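Student:
There are 2 protein chains.
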Amino acid sequence: MTKRNSKVSTAVIRRLPRYYRHLTELQRKGVVRISSSALGKSMGLTASQIRQDLFCFGGFGQQGYGYKVDLLREEIGEILGISRGHTAVMVGAGNLGRALMENFEFGSSGFRLLAAFDVRPDTVGRTIGGAPVLHVDGLEDFLAKNQVDVGLLTVPRCAAQSVGERLVAGGVAGIWNFTNGEVSFPGSDVVVENVHFSDSLLTLSYMISQRSDAQTSGKEPQ
Amino acid sequence: MTKRNSKVSTAVIRRLPRYYRHLTELQRKGVVRISSSALGKSMGLTASQIRQDLFCFGGFGQQGYGYKVDLLREEIGEILGISRGHTAVMVGAGNLGRALMENFEFGSSGFRLLAAFDVRPDTVGRTIGGAPVLHVDGLEDFLAKNQVDVGLLTVPRCAAQSVGERLVAGGVAGIWNFTNGEVSFPGSDVVVENVHFSDSLLTLSYMISQRSDAQTSGKEPQ
DNA sequence: TAGATTGTTAATCGATTAACAATC
DNA sequence: TAGATTGTTAATCGATTAACAATC
Chain A
6 MTKRNSKVST AVIRRLPRYY RHLTELQRKG VVRISSSALG KSMGLTASQI
56 RQDLFCFGGF GQQGYGYKVD LLREEIGEIL GISRGHTAVM VGAGNLGRAL
106 MENFEFGSSG FRLLAAFDVR PDTVGRTIGG APVLHVDGLE DFLAKNQVDV
156 GLLTVPRCAA QSVGERLVAG GVAGIWNFTN GEVSFPGSDV VVENVHFSDS
206 LLTLSYMISQ RSDAQTSGKE PQ
Chain B
6 MTKRNSKVST AVIRRLPRYY RHLTELQRKG VVRISSSALG KSMGLTASQI
56 RQDLFCFGGF GQQGYGYKVD LLREEIGEIL GISRGHTAVM VGAGNLGRAL
106 MENFEFGSSG FRLLAAFDVR PDTVGRTIGG APVLHVDGLE DFLAKNQVDV
156 GLLTVPRCAA QSVGERLVAG GVAGIWNFTN GEVSFPGSDV VVENVHFSDS
206 LLTLSYMISQ RSDAQTSGKE PQ
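Below, the structure is given as structure tokens:
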């Protein structure tokens with residue numbers, strides 16, 4: 006039960022949501038118990054790595070038995086902060102913003118989307134996916150009156166930095182950035198999480214290019 | 006000019022799109038030349054790491070001078086496969102799919118979106134962002150008649166695996182998966198690139214939770 | 001109890017950083 | 001030329017893997 010939380014590497018942190026997702030799936034399938042080796046096999050990780058990862062946070066298993074799926078899922082959810090009642094606002098209710106409002110289950114990640122902000126008259130005033138779309142002029146006021154943990158950037162790239170600064174000034178702890186540009190807030194300890202679609206596609210582009218190179222030149226027969 | 010391409014680590018590969026993005030931005034600003042240390046400072050990397058990364062692919066710089074921005078950008082673009090004329094089809098023209106069709110610049114990553122596929126009668130037949138929406142029944146036929154490199158999964162999670170299998174059977178080299186679930190194609194050498202929104206948000210959730218813990222307990226005054 | 005599997009330390013591997021000769 | 005900065009090898013650091021005693 007040792008807790009040696011001090012400085013968990015980002016490599017480990019990025020795996021936690023995957024664990025959570027896989028455990029949720031296992032629970033849905035009715036699996037009650039799982040060993041590190043079985044979980045590793047299904048996730049493409051080594052049993053050692055899973056035990057080492059979990060060891061960063063404490064002992065959640067039972068020797069000779071493995072891990073109780075529901076309990077481990079619960080613990081990892083707790084580590085991720087799912088039960089902290091986090092809140093978010095979105096700025097930019099264009100196509101992508103609306104898609105997230107309508108489809109993305111904020112609740113599954115422990116978030117509540119309080120409102121979206123936009124400038125377009127045909128969008129302001131509507132309610133999408135349960136959240137109201139307000140005029141962006143009211144952003145500062147809203148942030149002052151509500152505890153908002155995360156600001157979601159789905160504005161056009163050119164507006165990203167300035168809107169981000171308004172969110173940071175308003176006191177958000179994190180920025181979830183969907184614009185293809187970089188945003189940065191020096192002097193602030195706000196956490197920025199980027200979702201760069203084009204980085205993702207270019208990585209895929211590289212990998213399929215390699216593949217066809219290998220085929221063409223007859224290398225790597227395996 | 007040594008090329009020692011053999012087995013470039015994924016850590017390096019994932020940084021290439023970032024280099025490309027930053028160099029594009031520098032070029033747009035009219036910067037002609039940059040040193041590894043200046044680029045490192047602006048990207049939050051060490052000069053050493055940048056030179057080491059580029060060394061995987063060859064010598065693109067000039068001693069005593071640095072790197073020509075346009076040339077380095079061009080070279081990295083080439084490595085990423087941007088000029089290979091990659092093609093893609095999308096399956097699932099719901100909110101998210103439409104948002105990508107209308108907003109995402111496939112061309113900037115060297116891709117052409119040939120078509121989207123859906124089942125809804127009010128969507129099939131339309132043209133969105135320059136690409137036609139066809140009925141998913143015609144997917145196999147389309148894949149047989151066109152060279153398609155990447156299949157884009159924007160269907161509901163429950164359909165992801167089966168639609169993915171149809172794309173793989175049709176011969177795509179890569180799957181760009183936007184569904185929140187996992188897809189896998191054992192026995193195939195297709196490359197899967199996941200965009201897991203919830204993993205991203207949960208990572209952010211963890212990081213802001215840590216931040217508030219530190220504040221509350223007075224730890225890490227820094 | 002015997003078998004299984006964790007928690008935890010030690011060993012290995014790979015990625016990042018440092019150093020410096022080459023050279024523009 | 002002197003100064004700057006790369007290309008490239010060596011050293012360090014951190015993450016993954018292996019090992020095994022603890023124990024359910």
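Residue numbers (the numbering used here), protein chains in the order written: chain A, 6 to 227; chain B, 6 to 227. We put the CB at the ideal spot given by N, CA and C, even for glycine. Treat the numbers as computed from the prediction; the structure is a model and nothing was measured.
1) So that I know if they touch, is there some Cβ in chain B lying closer than 8 Å to that of Lys-8 (chain A)?
2) For chain B, is any of its Cβ atoms less than 8 Å away from the one on Leu-139 (chain A)?
3) What are the boundary residues of the beta strand (DSSP E) that includes Phe-60 (chain A)?
4) By DSSP's criteria, Asn-199 (chain A) is part of a beta bridge. Which residues make up the other side?
5) Smallest Cα separation from Leu-118 (chain B): which of B:Gly-90, B:Glu-145, B:His-140?
6) Just verifying my parser: in three-state terms, what is the DSSP assignment at Lys-12 (chain B)?
7) Would a C-beta distance cut-off of 8 Å place Lys-213 (chain A) and Val-155 (chain B) closer than the cut-off?
8) For the beta strand (DSSP E) that Arg-232 (chain B) lies in, which residues bound it at each end?
9) So, does the CB of Asp-58 (chain A) fall closer than 8 Å to a CB anywhere in chain B?
10) Starting from Asp-102 (chain B), trace the alpha helix (DSSP H) in both directions and tell me its first and last residue.
11) I'd like the span of the beta strand (DSSP E) that includes Val-155 (chain B), first residue to last.
12) Would a C-beta distance cut-off of 8 Å place Ile-39 (chain B) and Tyr-72 (chain B) closer than the cut-off?
13) Opposite Ile-39 (chain A) in the DSSP bridges: which residues?
14) Grouping DSSP H, G and I as helix and E and B as strand, with all else coil, what is Pro-22 (chain B)?
15) Going along chain B, which residues have a C-beta under 7 Å from Pro-191 (chain A)?
16) What does DSSP give as the partner residues of Thr-132 (chain A) in its beta bridges?
17) Measuring only the C-alpha atoms, how far is Leu-158 (chain A) from Thr-29 (chain A)?
18) Where do the ends of the alpha helix (DSSP H) carrying Val-173 (chain B) lie?
19) Provide the residue(s) that pair with Ala-93 (chain A) in DSSP beta bridges, ordered along the chain.
20) Quick one: does Met-212 (chain B) have its CB under 8 Å from some CB of chain A?
21) Mind listing the chain B neighbours of Ile-87 (chain A)? Cutoff is C-beta to C-beta under 8 Å, in chain order.
22) By the criterion of Cβ-Cβ separation under 9 Å, what are the contact partners of Glu-80 (chain A) in chain B?
23) Mind checking which residues open and close the alpha helix (DSSP H) that includes Phe-147 (chain A)?
24) Kindly identify the DSSP beta-bridge partner or partners of Gln-67 (chain A).
25) Note down, in chain order, every chain B residue with its Cβ under 7 Å from the Cβ of Leu-101 (chain A).
26) Tell me, please, whether the stretch 96-106 of chain A touches the stretch 121-141 of chain A by the rule of three or more beta-carbon pairs shorter than 8 Å.
27) Put Asp-194 (chain A) into one of helix, strand or coil per three-state DSSP.
28) Residues of chain A with CB under 8 Å from Gly-176 (chain B), in chain order?
29) Between Leu-21 (chain A) and chain B, is there a C-beta pair that is closer than 8 Å?
30) Should the stretch 165-179 of chain A be regarded as contacting the stretch 192-202 of chain A, the criterion being three or more beta carbon pairs within less than 8 Å?
31) Can a CB atom of chain A be found closer than 8 Å to the CB of Ser-113 (chain B)?
32) Between Val-173 (chain A) and the rest of its own chain, which residues show a CB-CB distance below 6 Å, the 5 nearest in sequence each way excluded?
33) With distances taken Cα to Cα, identify the nearest neighbour of Gly-175 (chain A) among A:Arg-162, A:Val-153, A:Cys-163, A:Gln-166.
34) Ordered along the chain, which non-local residues of its own chain (more than five positions away) have a Cβ less than 6 Å from that of Met-48 (chain A)?
35) Taking C-beta to C-beta, are Val-188 (chain B) and Gln-166 (chain B) nearer than 8 Å?
36) Anyone know if the C-beta pair for Lys-13 (chain A) and Cys-61 (chain A) falls short of 8 Å?
Tutor: With the given structure in hand:
1) Residue confidence for Lys-8 (chain A) is low, a pLDDT of 43 falling below 50, so the modelled location carries little weight and cannot support an answer.
2) no
3) Phe-60 (chain A) -> not in any beta strand (DSSP E); alpha helix (DSSP H) instead, spanning 52-60.
4) A:Asn-182
5) B:Gly-90
6) coil
7) Checking the sequence shown, residue 213 (chain A) turns out to be Ile, not Lys. Yes, the Cβ-Cβ distance between Ile-213 (chain A) and Val-155 (chain B) is below 8 Å.
8) For chain B, the structure presents residues 6 to 227; residue 232 (chain B) sits outside this window and is missing.
9) no
10) Note that residue 102 (chain B) corresponds to Gly in the displayed sequence, not to Asp. Unbroken alpha helix (DSSP H) run through Gly-102 (chain B): 100-108.
11) 155-158
12) yes
13) A:Tyr-72
14) helix
15) Ordered by position in chain B, no residue passes the 7 Å Cβ test against Pro-191 (chain A), which lies about 11 Å from the chain.
16) A:Pro-137
17) 28 Å
18) 162-174
19) A:Leu-118, A:Val-155
20) yes
21) Leu-207, Ser-210
22) Here the premise fails: no neighbours, minimum Cβ distance about 13 Å.
23) 144-150
24) A:Gly-71
25) Ala-104, Asn-108
26) yes
27) coil
28) None at all; the shortest Cβ gap to chain A is about 12 Å.
29) yes
30) yes
31) yes
32) Phe-190, Ser-193, Val-195
33) A:Val-153
34) His-27
35) yes
36) In the sequence under discussion, the amino acid at residue 13 (chain A) is Val, which differs from the Lys named in the question. Taking 8 Å as the Cβ cut-off, Val-13 (chain A) and Cys-61 (chain A) qualify as a contacting pair.
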